[in-house]
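A.B. asks:
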RNA sequence: GCCGGAGUGGUGAAAUUGGUAAACGCAGUGGACUCAAAAUCCACCGGCUUCACGGCCUUGUCGGUUCAAUUCCGACCUCCGGUACCA
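In the working numbering, the protein residues as written are 2 to 864.
1) Tell whether a beta-carbon distance below 7 Å holds between residue 544 and residue 573.
2) Which one of 465, 452 and 443 has the shortest CA to CA distance from residue 488?
3) Could you give the distance in angstroms between the alpha-carbon of residue 736 and the alpha-carbon of residue 798?
4) With DSSP as the reference, label residue 432 as helix, strand or coil.
5) Starting from residue 230, follow its DSSP beta bridges and name the residues at the other end.
6) If we call anything under 7 Å between Cβ atoms a contact, is residue 568 one with residue 509?
7) Quick one: what's got a C-beta closer than 6 Å to residue 553's C-beta in the same chain, skipping five residues either side?
8) Buried or exposed: which applies to residue 111, given that a residue is buried once 16 or more other Cβ atoms fall within 10 Å of its Cβ?
9) Any idea if residue 51 is buried or exposed, counting beta-carbon neighbours within 10 angstroms, 16 or more meaning buried?
10) Quickly, what does DSSP pair residue 652 with across the bridge? List them, please.
11) With burial defined as no fewer than 16 other Cβ atoms inside 10 Å of the residue's Cβ, what is the status of residue 452: buried or exposed?
12) CA-CA distance, residue 429 and residue 521?
13) Tell me which residues share the same chain as residue 163 and place their Cβ nearer than 8 Å to its Cβ, disregarding the 5 neighbours each side in the sequence.
14) Given a cut-off of 7 Å on the beta-carbon distance, is the pair residue 225 and residue 263 in contact?
15) Kindly indicate the opening and closing residues of the alpha helix (DSSP H) around residue 559.
16) Just to confirm, is the Cβ distance from residue 318 to residue 255 under 7 Å?
17) What beta strand (DSSP E) runs, 3 residues minimum, are completely inside the segment 447 to 509?
18) Let me check understanding here. Comparing Cα to Cα, which of 834, 341 and 575 lies closest to residue 656?
19) Can you grab the Cα-Cα spacing for the pair residue 603 / residue 638, in whole Å?
20) Can you tell me the Cα-Cα spacing of residue 514 and residue 125, whole angstroms?
21) On the three-state DSSP scale, how would you describe residue 39?
22) Drop a sphere of 10 angstroms on the beta-carbon of residue 137, count the other beta-carbons inside from all chains shown, and report buried for 16 or more, exposed for fewer.
23) Where residue 2 and residue 680 are concerned, what is the direct C-alpha to C-alpha distance, given to the nearest angstrom?
24) Should the segment 685 to 692 be regarded as contacting the segment 651 to 667, the criterion being three or more beta carbon pairs within less than 8 Å?
25) Determine the contact status of residue 723 and residue 754, defining contact as a CB-CB distance below 7 Å.
26) Considering just the uninterrupted stretch of the alpha helix (DSSP H) at residue 133, what are its terminal residues?
27) Going by the CB atoms, is the gap between residue 273 and residue 279 shorter than 7 Å?
28) Can you check whether the CB of residue 76 is closer than 7 Å to the CB of residue 120?
29) Would you call the segment 209 to 216 and the segment 386 to 400 touching, i.e. three or more CB-CB distances under 8 Å?
30) Counting pairs of Cβ atoms below 8 Å between the segment 742 to 750 and the segment 779 to 798, do you hit three or more?
31) Start and end of the beta strand (DSSP E) containing residue 871?
32) Extract the residue ranges of the alpha helix (DSSP H) inside the segment 172 to 255, only unbroken runs of 4 or more that lie entirely within it.
33) Enumerate, from N- to C-terminal direction, the unbroken beta strand (DSSP E) stretches of 3 or more residues contained entirely within the segment 569 to 642.
34) I need the boundaries of the alpha helix (DSSP H) containing residue 85, first residue and last residue.
35) Quick test of your reading: residue 714 and residue 731, contact by CB under 8 Å. State the CB separation rounded to the nearest angstrom.
So this is what it looks like as structure tokens:
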């Protein structure tokens, strides 16, 4: 009776063995080439989901592959353990965020272990532990001392009923998600990191990140958004005030017929004060202050503004122009004021049409013909200057420089650069985060907590408020402190916590010395391991997390803690794991097992009503379109789960979940298992064929060639593209070819070739299905884990083919094919192609125009 | 809205540098084995057309470049991700 493939028995066996043998332990070894591989650590939300399985499987394959290539591999794992869901769970289940988080970590760690990932668990970190955030607080104080962390006022979403701040996610249709109260914008003092100091450097280095997907660096470049232009001072009519505007188009200055200020601009209320417009302006500012002012919504609002009653003077024309406050101007960007040129900017054009303001053409097209009266849209292109005094007739790109120089000469303007990137606001009015290590004293102002008093420990015995607000401001034992500078006993501790993106901006360095008690990390560890050679994670992090990490690394470099600027040499952004959603009219979103599927329709198991089968979107708990990896592990085991995740799609693409494919992956492993067992029996004592390919013949030679082709394909597909789906296809083809042999017939030559093919299949699959491979490897008589075996190398000579297939096209259409010796010259190939019967039929008596011969591939005959 | 990406058979996908569109799977159909079933093995499997050889069409839509376009260029449509307090 043949032994069946039983993952339930094999997988725990190998997981134990790997752990006992310390197979994944990494040590600094300067004699060896290092490879630091890291996947984005998970937020401990409760259970591992398919997105994690996919991400970590990709990483594990690379880790194991690099190890087999002989590199010193560091492959750590940890927990992004602070964050809002812990607080929400605490409120709804009455459990403490800490308890909830640590329970989730325990569950998820066990799940990751069951998947057989090659993590070095000794390096595990959890960002909610004081020994981790202590060093974050330490860095915060360093940054404060350098002026890199500073305070300014900023708006937050505020719910008056719950008296709490709401995250953008907690705002649904401009109202609080808990109570439905309309959300108001409230201004608070908050901490900011000066990422804008590094805007240019972050931008310039985008082009040097050769190992990053171009789409990610493009998105980062656009996010940073450098604009070159000029700042221009506009004097006010009848007052000494000056309004400074930023423009990227100083060439259009003569065409500026009005001006717009951000509603928050300090001059808005001042200018209208005492005028008949005062009331309307106040109402407008008030209205805007209730609106969400994020870049997402701002472009969606209908352009709206109000006249302040004041005029400024266009410095070129000397004409009075009205000053408006407008909802599409952002205070954070540029100077919070723009000169409006309706003829050459679409937003200004729309605004001018709406409020009946003058439109003046100052840049005409080469052909001329722009007319302010008849224009239906702004002309934003380059052209020839008109209506612009001494600059008339110049090309607009030349005038841009000339006018800027003119402004500098007259001292009313200068060249200026503006970035779209804003400073990073890190204050969160929340409980479950790292406390900001600052103290507010009435006499000394803002004072850092002394370094020796760190960490400022987040009090774990706090009770969460049902409104969702942070309990920290209500905890006197936490809040009340003595000022470390003057001894004033009435000082107040900062009760805000840090944005969780702060923790994830340096965890990759912490992995290098996870237990370090004297600093963020040991320099020699970081010097050896960093930068990360390969980072793998979801595309959704393409901007924020990755940009913040790049910024933090620069800060660490400037403090002298590290010697490099860029933390991640190569980046792989995997696509999301998606699934259709199911929604019942009465019961809302349903889990897959709460609905009865009937072909294209489905009904709710609770009420029997029809269920709406929704769009295929990113798997998420709130939409309940999830697949529980536990179920797959239970039914098929880790290897099948891993195999399917990789086979279904290339990593960078989205993966739309289907249950059917999993079965096929399991079937494939069984197919390999069966041929392995019969080969092992058949080839006992026979060494794998290692000789000259030319000495083999027929099917044996074909298999030998296929084996080397497969090694080549698999190696380049992993090395260059991480396309594991084609890696698996290639392995399947090799296995299929092994199945064409009749093992009943005796053939010692075949047996040794077959043995080599089996060894190859198992080695090539081992990073993907490690338990399975180690088990077969052991059955083949090996005593060491397959992970410690060298990755196979292909033999160039074995790839040589004698005959190639040539296809023949007539006018680009496929008409015939033939095989020919692979070293035949172009002329021979051409003759053969023209002689082909079918080809002749299509050429008929038409004259030949051209014949294109592509060696070893194709002939195209043009008639 | 803005920025980035994707779209190929019934279905997941492949085609790496512009050179045979659909490799390898899933689902399906037929056959072998079996008392029977499961499992397994073998064969077929884009559409229309043809007794057949074959022909015509087909990579979201429309147009362009080229001897040749899934691949390059332009316009558009749909979907997905990000949009600064979800992580």
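Every residue gets a Cβ at the ideal spot worked out from N, C-alpha and C, and that includes glycine.
Remember, it's a predicted structure, so these values are computed and weren't measured experimentally.
C.D. replies: By the coordinates alone:
1) Stepping through the first chain from its first residue, residue 544 is reached at position 543. Stepping through the first chain from its first residue, residue 573 is reached at position 572. Annotated as distal: residue 544 and residue 573, with beta-carbon spacing of 7 Å or more.
2) Your numbering for residue 488 matches position 487 in the first chain. For the residues 465, 452 and 443, the minimum Cα distance to residue 488 belongs to 443.
3) Translated into the one-based positions of the first chain, residue 736 becomes position 735. Translated into the one-based positions of the first chain, residue 798 becomes position 797. If I take the Cα positions, the gap works out to 22 Å.
4) Locating residue 432 in the first chain gives position 431, counting from the first residue. Note: residue 432 maps to coil in three-state DSSP.
5) Here residue 230 refers to the residue found at position 229 when the first chain is read from its first residue. Residue pairing for residue 230: DSSP places it in a beta bridge opposite 417.
6) As a working mapping, residue 568 is identified with position 567 in the first chain. As a working mapping, residue 509 is identified with position 508 in the first chain. Contact: yes.
7) Numbered from its first residue, the first chain carries residue 553 at position 552. 506 and 507, listed in sequence order.
8) Counting from one through the first chain, the residue named residue 111 turns up at place 110. By the neighbour-count rule (16 or more Cβ atoms within 10 Å), residue 111 is not buried but exposed.
9) Here the question's residue 51 lines up with position 50 in the first chain. When all chains shown are included, residue 51 counts as buried.
10) Taking the first residue of the first chain as position 1, residue 652 is located at position 651. Answer by DSSP bridge pairing: none, since residue 652 is not bridged.
11) Position 451 of the first chain holds residue 452. Answer is exposed; the Cβ neighbour count stays below 16.
12) The sequence position of residue 429 within the first chain is 428, counting from 1. The sequence position of residue 521 within the first chain is 520, counting from 1. Approximately 23 Å, taken between the alpha carbons.
13) The residue labelled residue 163 in the question sits at position 162 within the first chain. The beta carbon of residue 163 lies closer than 8 Å to those of 177, 179, 180, 182, 468, 469 and 470 in the same chain, with the five residues before and after it left out.
14) For this step, residue 225 is matched to residue 224 along the first chain. For this step, residue 263 is matched to residue 262 along the first chain. No. Outside cutoff.
15) Reading the first chain from its first residue, position 558 is the one you call residue 559. First-last of the alpha helix (DSSP H) with residue 559: 545 to 560.
16) Position 317 of the first chain, counted from the first residue, corresponds to residue 318. Position 254 of the first chain, counted from the first residue, corresponds to residue 255. Between residue 318 and residue 255, the C-beta gap is smaller than 7 Å, which places the two residues in contact.
17) Every beta strand (DSSP E) of 3 residues or more that sits fully in the segment 447 to 509 is shown, in chain order, as 492 to 494.
18) What you label residue 656 is simply residue 655 of the first chain in a count that begins at 1. Nearest C-alpha to residue 656: 575.
19) Residue 603 sits at position 602 when you count from the first residue of the first chain. Residue 638 sits at position 637 when you count from the first residue of the first chain. Rounded to the nearest angstrom, the gap between the Cα atoms of residue 603 and residue 638 is 29 Å.
20) Looking up residue 514 in the first chain gives position 513. Looking up residue 125 in the first chain gives position 124. Distance between the alpha carbons of residue 514 and residue 125 is about 11 Å.
21) Your numbering for residue 39 matches position 38 in the first chain. Three-state DSSP puts residue 39 in a strand.
22) Along the first chain, one-based indexing puts residue 137 at 136. Within a 10 Å sphere around the beta-carbon of residue 137 sit 16 or more other beta-carbons, which makes this residue buried.
23) Within the first chain, residue 2 is the residue found at index 1, counting from 1. Within the first chain, residue 680 is the residue found at index 679, counting from 1. Here residue 2 scores only 42 on pLDDT, less than 50, and its place in the model is too uncertain to base an answer on.
24) Short answer: they don't touch.
25) Reading the first chain from its first residue, position 722 is the one you call residue 723. Reading the first chain from its first residue, position 753 is the one you call residue 754. In this structure, residue 754 does not lie closer than 7 Å to residue 723 by Cβ.
26) Indexing the first chain from 1 puts residue 133 at position 132. Residue 133 -> alpha helix (DSSP H) spans 131 to 146.
27) Looking up residue 279 in the first chain gives position 278. Looking up residue 273 in the first chain gives position 272. For residue 279 and residue 273, yes; Cβs fall inside 7 Å.
28) Residue 120 sits at position 119 when you count from the first residue of the first chain. Residue 76 sits at position 75 when you count from the first residue of the first chain. In contact: residue 120 and residue 76 (Cβ atoms closer than 7 Å).
29) Between the segment 209 to 216 and the segment 386 to 400 there are fewer than three inter-stretch CB-CB distances shorter than 8 Å, so the stretches are not counted as touching.
30) The segment 742 to 750 vs the segment 779 to 798: no contact.
31) The structure shown does not extend to residue 871, since the chain spans only 2 to 864, so no value can be given for it.
32) As far as the segment 172 to 255 is concerned, its whole alpha helix (DSSP H) runs of at least 4 residues are 200 to 207 and 215 to 225.
33) Taken in chain order, the complete beta strand (DSSP E) segments of 3 or more residues contained in the segment 569 to 642 are 569 to 575, 578 to 585, 596 to 599, 602 to 605 and 612 to 619.
34) In the first chain, the residue the question calls residue 85 occupies position 84. For residue 85, the enclosing alpha helix (DSSP H) begins and ends at 85 to 94.
35) Within the first chain, numbered from 1, the residue matching residue 714 stands at position 713. Within the first chain, numbered from 1, the residue matching residue 731 stands at position 730. Right, the Cβ-Cβ distance comes to about 5 Å (below 8 Å), so this counts as a contact.
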